[in-house]
Amino acid sequence: MKKELTLVRIDELANAIDNLVNMDISLSGVDTINIFKDQSVLTKASEPFRKTRDKLIEKYGDDNQSINPSSKNWDIFAKEMNKILEQTETVDIQEISLTRIAEAGVPLKLINVLKGDILTMEIESPEVTE
Numbered sequence: 014m015k016k017e018l019t020l021v022r023i024d025e026l027a028n029a030i031d032n033l034v035n036m037d038i039s040l041s042g043v044d045t046i047n048i049f050k051d052q053s054v055l056t057k058a059s060e061p062f063r064k065t066r067d068k069l070i071e072k073y074g075d076d077n078q079s080i081n082p083s084s085k086n087w088d089i090f091a092k093e094m095n096k097i098l099e100q101t102e103t104v105d106i107q108e109i110s111l112t113r114i115a116e117a118g119v120p121l122k123l124i125n126v127l128k129g130d131i132l133t134m135e136i137e138s139p140e141v142t143e
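This is how it looks when you write it as structure tokens:
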């Protein structure tokens with residue numbers, strides 16, 4: 014499913030999917046391949062954001078490796094980053110069942126990051142008996 018997401022959300026999802034891939038969980042083959050597809054798409058989409066953020070840290074950081082609110086160039090850095098964070102990109106995400114992810118033992122903290130954009134609620138039809 015194609016979704017338009019902010020670059021910061023794409024980066025957040027990429028990190029969450031990386032964590033999911035590194036977990037020792039048991040999922041169906043379909044869910045597993047969808048997770049790997051999402052990892053590939055999100056990592057590729059987040060790469061320009063990460064590179065730009067790193068370049069801005071080099072440019073404005075006190076030691077060219079880090080920056081924080083007490084840094085002398087923080088306001089300039091934050092202004093430029095905010096413009097970047099507002100950028101959006103359309104990504105093709107494979108949806109994964111929230112129920113199956115939860116049943117596999119994925120921590121709630123990770124589920125909360127993924128829900129809404131990757132995880133979907135599957136509503137199963139009730140069985141009809143006559």
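The sequence shown lines up with residues 14 to 143 when you count with this note's numbering. Every residue, glycine too, gets a C-beta built ideally from N, C-alpha and C. This structure is a prediction, so every number in the text was calculated from the model and none was measured.
- Secondary-structure assignment with DSSP links Val-104 through a beta bridge to Lys-16.
- For Ser-110, the secondary structure class from DSSP, reduced to helix, strand or coil, is strand.
- DSSP places Pro-120 outside any alpha helix (DSSP H), giving it a letter other than H or E.
- By a beta-carbon distance limit of 8 Å, Met-14 contacts Glu-108. Their separation comes to about 6 Å.
- Between Tyr-73 and Asn-86, the CB-CB gap stays under 8 Å.
- Using a Cβ distance threshold of 8 Å, Lys-16 and Thr-103 count as a contacting pair.
- Across the structure, Glu-60 and Lys-68 are spaced so that their CA atoms are roughly 12 Å apart.
- Distances from the CA of Lys-96 to each of Ser-79, Phe-62, Gln-78 were compared; the closest alpha carbon is that of Phe-62.
- For the options Asn-35, Ile-89, Thr-101, Glu-71, the alpha carbon positioned closest to that of Gln-52 is the one of Asn-35.
- Taking 8 Å as the cut-off, the beta carbon of Leu-33 is found closer than this to the beta carbon of Leu-123.
- In this model, Leu-98 and Thr-56 are separated by some 16 Å (Cα to Cα).
- For secondary structure counted as the alpha helix (DSSP H) over 4 or more consecutive residues, the region 42-90 holds these complete runs in sequence order: 42-73.
- Just measuring C-alpha positions, the residue of Gly-129, Ile-114, Thr-133 sitting nearest Asp-37 is Ile-114.
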